[in-house]
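*Asks:* Quick note on my numbering: the sequence shown kicks off at 6 and runs consecutively.
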Amino acid sequence: MSSGNVPEKLQDLFRAIIQEEWTFLDDPWPLYPKTRRAHRSEFKVIKGMRHMKLAVMSKLGAVAVYFFLTVLWNKVYFPGPYKALEKGIAFLYFFVSGESLESMSVFMPRSSFYMIFRTFFKEERSLFNKEMAR
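What follows is the structure, encoded as structure tokens:
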């Protein structure tokens with residue numbers, strides 16, 4: 006941050022906030038926890054991923070998306086033959102777009118998306134509630 010017209014005390018406060026609350030920006034890309042299940046199929050492509058990325062980025066911004074994918078999404082393995090980050094982006098898109106479970110079938114099979122939905126809201130709900138509250 007340039008010191009132009011910003012007082013030194015304000016710059017110090019800004020640095021302290023960055024150091025305390027935004028350290029996730031410097032963290033390495035997280036790895037998923039080991040899964041108990043072996044998925045034998047090849048990775049599939051989620052249709053409309055470019056559209057979903059643009060919608061999520063325009064509504065939430067880069068930092069919020071990055072935070073969700075690196076701090077929250079990687080806590081649990083989400084089932085399905087799709088790339089982990091793409092599943093996370095599809096899940097964020099589901100929230101910001103107002104789509105229903107049924108309408109998400111345009112992008113991926115309803116059963117695959119429901120498995121992700123169920124894992125987040127039913128199986129691991131307490132973990133994510135705790136992380137989001139933190």
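Here a beta-carbon is modelled for each residue, glycine too, at the ideal position from N, C-alpha and C.
For the stretch 73-80 and the stretch 88-105, state whether three or more C-beta atom pairs, one from each stretch, are separated by less than 8 Å.
*Replies:* Segments in contact, yes.
*Asks:* CB I51 to CB F112, shorter than 7 Å?
*Replies:* In the sequence shown, residue 51 corresponds to position 46, counting from 1. In the sequence shown, residue 112 corresponds to position 107, counting from 1. Cβ distance < 7 Å, so I51 and F112 count as in contact.
*Asks:* Going by DSSP, what residues sit across from Y87 in a beta bridge?
*Replies:* Locating residue 87 in the sequence shown gives position 82, where the first residue counts as 1. K49, per the DSSP bridge assignment.
*Asks:* At the level of alpha carbons, what is the spacing between A21 and P12?
*Replies:* Locating residue 21 in the sequence shown gives position 16, where the first residue counts as 1. Locating residue 12 in the sequence shown gives position 7, where the first residue counts as 1. Rounded to the nearest angstrom, the two C-alpha atoms are 15 Å apart.
*Asks:* Between which two residues does the alpha helix (DSSP H) harbouring E25 extend?
*Replies:* Within the sequence shown, numbered from 1, the residue matching residue 25 stands at position 20. Segment E13 to E26, the alpha helix (DSSP H) holding E25.
*Asks:* Would you please state the rounded distance, in angstroms, between the beta carbons of F125 and L106? I believe it to be under 8 Å.
*Replies:* Along the sequence shown, one-based indexing puts residue 125 at 120. Along the sequence shown, one-based indexing puts residue 106 at 101. With 8 Å as the limit, F125 and L106 do not qualify as a contact, their Cβ atoms being about 12 Å apart.
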